[in-house]
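**Q** The structure follows.
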Amino acid sequence: MDPAAASPAPAPAAEEPRSDASLLDALGGEVLAVMSPVSICMALVVLLISLLSPPSSGSVAAGSPPPVTAATLVYLESPTDTPAQKFVGALLDAAVFVALVAVVTFVLVALYYYRCTGFLKNYMRFSAFFVIFSMGGAIAAAVLRRLAAPLDAPTAFLLLFNGAAVGVLSVFASAVPILVRQGYMVALAVIVAAWLSRLPEWTTWIMLVALALYDLVAVLAPRGPLRMLVELASSRDDELPALVYESRPTVGPATSSSSYASAMGSVEMQTMADSGRVGGSRYDRVEQDEDASRAVVEMRDLGRGRSNIGEMNRSSGSVLQMDNLEREVPVTPIELPSNQIGSQHAVIQIEQSEEAETAPLVSAASSNNAASDEEQRQSSSSEPLDFEMFESTRGIKLGLGDFVFYSVLVGRAAMYDLMTVYACYLAIIAGLGCTLILLSICRHALPALPISIMLGVTFYFLTRLLMEPFVVGASTNLVMF
Amino acid sequence: MTVAAGLGYALIALGPAFSLFAGVVARKPFLVLTLLSSTLFWLISLIVLSGIWRGFLPIKSGTWWAYAILIITSVALQEGTRLVFWRLYKKMEEMLDAFADRISKPRLSLTDKMLISLAGGLGHGVAHAVFFCLSLLTPAFGRATFYVERCSKMPFFLASALIALGFLVIHTFSMIIAFNAYDEKKKCDQIVVPVVHLAAAVMTLVNLAPGGCLIGTPLLLVMAALTLQYCWRVACRRLTEHQHRQLNNN
């Protein structure tokens, strides 16, 4: 290093590494880790929709007849109805749908309350398998047909079956690489969203708004089903019996005593450093975690022989989860008229509902433990901390239902024009960002649907009615600004 | 004209944006968030603008002065948005500095600030390219191409892609110039940015004349190059000043 002869250029380079470790690197990583899969899911759904049903806003009759689902039990939209009829019919549909979802959520809460977790988990596995195998298979067949790609039936069956089996394994087992699990979550969301986008237009919009409102009520109201579910789950320190997208790996509950692997795996404990920072901002924890995890590892060294070592961190509030439940409600077997999707699917029209999905809960990791943790926090770090069963995550969890409904909104926007797609995408991302900010302020379960869906719907109609004539008029004359 | 042509047009409009994104912005999550929020800002300003102008549409294509008024109002609104963006950025910078002090990490350095302004400008530019060019590009993936009457020598998609490219460069780098100017309170730079924007927008009016796009589009790209060069000068000057100050301090 020759400082005298060094030109100014290396000097910034020398300080670059230091500033590279600055704020800009540390912030926002977790938020982005949630926004990227949401974006990927939306992009895939838009791609699927534009591939399978070319955007034709008016011709419902030209495409395949919409599926007979629980969302169209009362009224099935046809292009010849008057707008008033469509509106009223869609309202009825949405009301029925939301009622169905609410009932199923209550059933789920009851099952969970009576500890039928085995049944729930198996049901979840079955539904994941069914979605991938049946609905995913139908979509794959449609795509193959559209691309005119040859694939024989036995191979297709084999591939589909294997794919579905791995999907089932990855959804609930803890030893699967995180990337595989995340991929399967996104795939599930894409399949369900692509299926739901085939609903008629008015029904879709009103259903989305109704679900956003239901979500708000179900998560925030004192007797809301999803709030009860989250409280139950956190009081038992168990994970939610739901399909949830995690942006970081979770370590399952360790029945054996401490293992180093689990200690290394992003164990968090909030205030090893100082107890005063309990109310600090969310970003505080990003830094503290590193200190904390080292400290915890040291603690574990000391306490190696302890029989039960868990982790108290859920309370530490550093885990901000948005949980969502995904359930399935098998509707009575309905024979669909043979459409071009043909094949075996749709003997049972599965409602990917909603109850699960609708309740994105952002739980700042079990408020229940907060009390006990407070005490422990006040006590010095040297005191042997009484750990319990742990679930260590660092990162945000977002329920699969959120993915599905965001993608349904964007998919429906894709059926009109690409401009609405971009506008709705930006609106949804903005809503998600706002929800995450709110999450860091109030540390309990928050619904992720309302803000995004409301923004998305608003931007869709604003774009369609206001912006598009303006922009298209200007740019087709090559006048831009 | 097939998928290749469609992709080609898309890359003409957005290629430099992709490389900037992949090379600079994608490495720091905070910059990606800045880009998304500035895109959102631009979208909101566009919606407000179209709300104002909705009653007057459709404009008859003969009346160029109507387009001129449209352009002047649009540029005025967008420069206003830039100011608002700057205010918000200042607030956020204070918060970030306070946070950095609290966790005893270094504050935002000059390069950090310039990176943020680059991401902001890129957001504006990408939003422009997406809404004005990409959303109309879907027919280009089909089997034919399209010519507008007034521009019979260049396919419409090519013209709009080139214009989008020009504006992308202008938006991106004028944001850096603007943020520097607001920071250092240099009046002349602060004036330069809206003037450049207005000049570029007015230049697209040339496209209204028959055969005008053959003149307007290259002129616009020249303006983009000028903006790029000016920004280069501003950034170099600022960075070397910063260097010297640091060396003097040490």
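Protein chains in written order, with the numbering used here: chain G, 433 to 913; chain P, 6 to 255. Cβ atoms here follow ideal geometry from the backbone N, Cα and C, with glycine treated the same way. Values in this document were obtained by computation on a predicted structure and should not be read as measured data.
List the residues that DSSP assigns as beta-bridge partners of P:C156.
**A** Bridge partners of P:C156: P:V153.
**Q** Taking CB distances under 7 Å as the criterion, tell me whether P:A71 reaches chain G.
**A** Not closer than 7 Å to any Cβ of chain G, the Cβ of P:A71 fails to qualify, so no.
**Q** In whole angstroms, what separates the C-alpha of P:W47 from that of G:P657?
**A** Those two C-alpha atoms are separated by around 39 Å.
**Q** At a CB-CB cut-off below 9 Å, which residues of chain P make contact with G:S595?
**A** Looking at the sequence shown, residue 595 of chain G is not Ser but Gly. Correct list: empty, because the minimum Cβ distance to chain P is about 27 Å.
**Q** Are three or more beta carbon pairs between the segment 160-174 of chain P and the segment 221-228 of chain P nearer than 8 Å?
**A** Counting Cβ pairs under 8 Å, three or more are found: they touch.
**Q** Taking all protein chains shown into account, do 16 or more other C-beta atoms lie within 10 angstroms of the C-beta of P:Y94, making it buried, or fewer, making it exposed?
**A** Buried.
**Q** Starting from the beta carbon of P:N212, find every residue of chain G whose beta carbon is closer than 8 Å, and list them in chain order.
**A** Under the 8 Å cutoff, chain G gives N909, L910 and V911.
**Q** To the nearest angstrom, report how far apart G:I828 and G:V536 are at their CA atoms.
**A** Going by the C-alpha atoms only, they are around 26 Å apart.
**Q** Does DSSP put P:S109 in a helix, a strand or coil?
**A** Residue state, collapsed to three classes: coil.
**Q** To the nearest angstrom, how far is it from the Cα of P:A71 to the Cα of P:V211?
**A** Rounded to whole angstroms, P:A71 to P:V211 spans 14 Å at the Cα level.
**Q** Can you check which of these residues, G:M639, G:R613, G:E462 and G:L871, is closest to G:F529 by C-alpha distance?
**A** The residue with the shortest Cα to Cα distance from G:F529 is G:M639.
**Q** Answer yes or no: does any C-beta atom of chain G fall closer than 7 Å to that of P:C236?
**A** With 7 Å as the cut-off, P:C236 does not count as an interface residue toward chain G.
**Q** Please list, in chain order, all residues of the same chain as P:I182 whose beta carbon is under 8 Å from its beta carbon, the five residues on each side excluded.
**A** The answer, listed in chain order, is D194, V197, V198, T232, Y235, C236 and V239.
**Q** Please determine, among G:L841, G:L583 and G:Y616, the residue with the shortest C-alpha to C-alpha distance to G:A560.
**A** Ranking the options by Cα distance to G:A560, first place goes to G:Y616.
**Q** Strictly below 7 Å CB to CB, what residues from chain P border G:A855?
**A** Residues of chain P passing the Cβ test: L48.
**Q** Could you spell out where the alpha helix (DSSP H) holding P:I64 opens and where it closes?
**A** Segment: none, P:I64 is in no alpha helix (DSSP H) and carries neither H nor E.
**Q** What residues from the segment 140-153 of chain P come within 9 Å of chain G, judged by C-beta to C-beta, listed N to C?
**A** For the segment 140-153 of chain P, which is checked against every Cβ of chain G, the residues closer than 9 Å are S140, L141, L142, T143 and V153.
**Q** Which residues, in order along the segment 872-900 of chain G, keep a beta-carbon less than 9 Å from a beta-carbon of chain P?
**A** Under the 9 Å Cβ criterion, the segment 872-900 of chain G contributes F891, L894, T895, L897, L898, M899 and E900.
**Q** Do P:F172 and P:H133 come within 7 Å of each other at the CB atom, strictly closer than that value?
**A** Taking 7 Å as the Cβ cut-off, P:H133 and P:F172 qualify as a contacting pair.
**Q** Check the C-beta distance from P:F146 over to P:P160 and give it rounded, since I have them as a contact under 8 Å.
**A** So it is not a contact: roughly 13 Å between Cβ atoms.
**Q** Measure from the C-beta of G:G550 to each C-beta in chain P and report whether the shortest distance is under 7 Å.
**A** G:G550 does not count as touching chain P.
**Q** Consider the Cβ of G:V903: report whether some Cβ of chain P lies at a distance smaller than 7 Å.
**A** By this cut-off, G:V903 is an interface position.
**Q** Mind checking if P:G56 is an interface residue toward chain G, Cβ cutoff 7 Å exclusive?
**A** Taking Cβ atoms only, chain G reaches closer than 7 Å to P:G56, which makes this a yes.
**Q** In three-state terms, what does DSSP make of G:A475?
**A** If DSSP states are grouped into helix, strand and coil, G:A475 belongs with the helices.
**Q** Of all the residues that make up the segment 19-36 of chain P, which are near chain G by a beta-carbon distance shorter than 7 Å?
**A** Cβ contacts with chain G: K33, P34, F35 and L36.
**Q** Give every residue of the same chain whose Cβ lies closer than 6 Å to the Cβ of P:V135, excluding the five residues on either side of it in the sequence, and list them in chain order.
**A** Closer than 6 Å at Cβ, skipping near neighbours: no residue.
**Q** Within 7 Å of any Cβ in chain P, is that where the Cβ of G:G490 sits?
**A** Because the pLDDT of G:G490 is 41, which lies under 50, any placement of that residue in the model is unreliable, and the number read from its coordinates should be weighed accordingly. No, its Cβ sits nowhere closer than 7 Å to a Cβ of chain P.
**Q** My output table needs one value for G:N909: the three-state DSSP class, helix, strand or coil.
**A** Three-state result, G:N909: coil.
**Q** Quick one: does P:C241 have its CB under 7 Å from some CB of chain G?
**A** With 7 Å as the cut-off, P:C241 does not count as an interface residue toward chain G.
**Q** For P:L45 and G:A862, which I take to be in contact (beta-carbon distance under 8 Å), what is that distance rounded to the nearest angstrom?
**A** Sure, about 5 Å apart at Cβ, within 8 Å.
**Q** What is the DSSP secondary structure of G:M847, reduced to helix, strand or coil?
**A** Coil at G:M847, not helix or strand.
**Q** Closer than 8 Å by beta-carbon distance: list the chain P residues that pair up with G:P851, in chain order.
**A** Checking the displayed sequence, the identity of residue 851 of chain G turns out to be Met instead of Pro. Per Cβ cutoff of 8 Å: F136 and S140.
**Q** Identify each residue in the segment 160-192 of chain P for which the Cβ-Cβ distance to at least one residue of chain G is less than 7 Å, and report them in chain order.
**A** Within the segment 160-192 of chain P, the residues whose Cβ lies closer than 7 Å to some Cβ of chain G are A164, S165, I168 and F172, listed in chain order.
**Q** Please tell me whether G:A846 has its Cβ less than 7 Å away from any Cβ of chain P.
**A** No, no contact with chain P.
**Q** Does G:L525 come out as helix, strand or coil in the three-state DSSP assignment?
**A** Sequence check: residue 525 of chain G is Asp here, not Leu. In this structure, G:D525 counts as helix in the three-state DSSP scheme.
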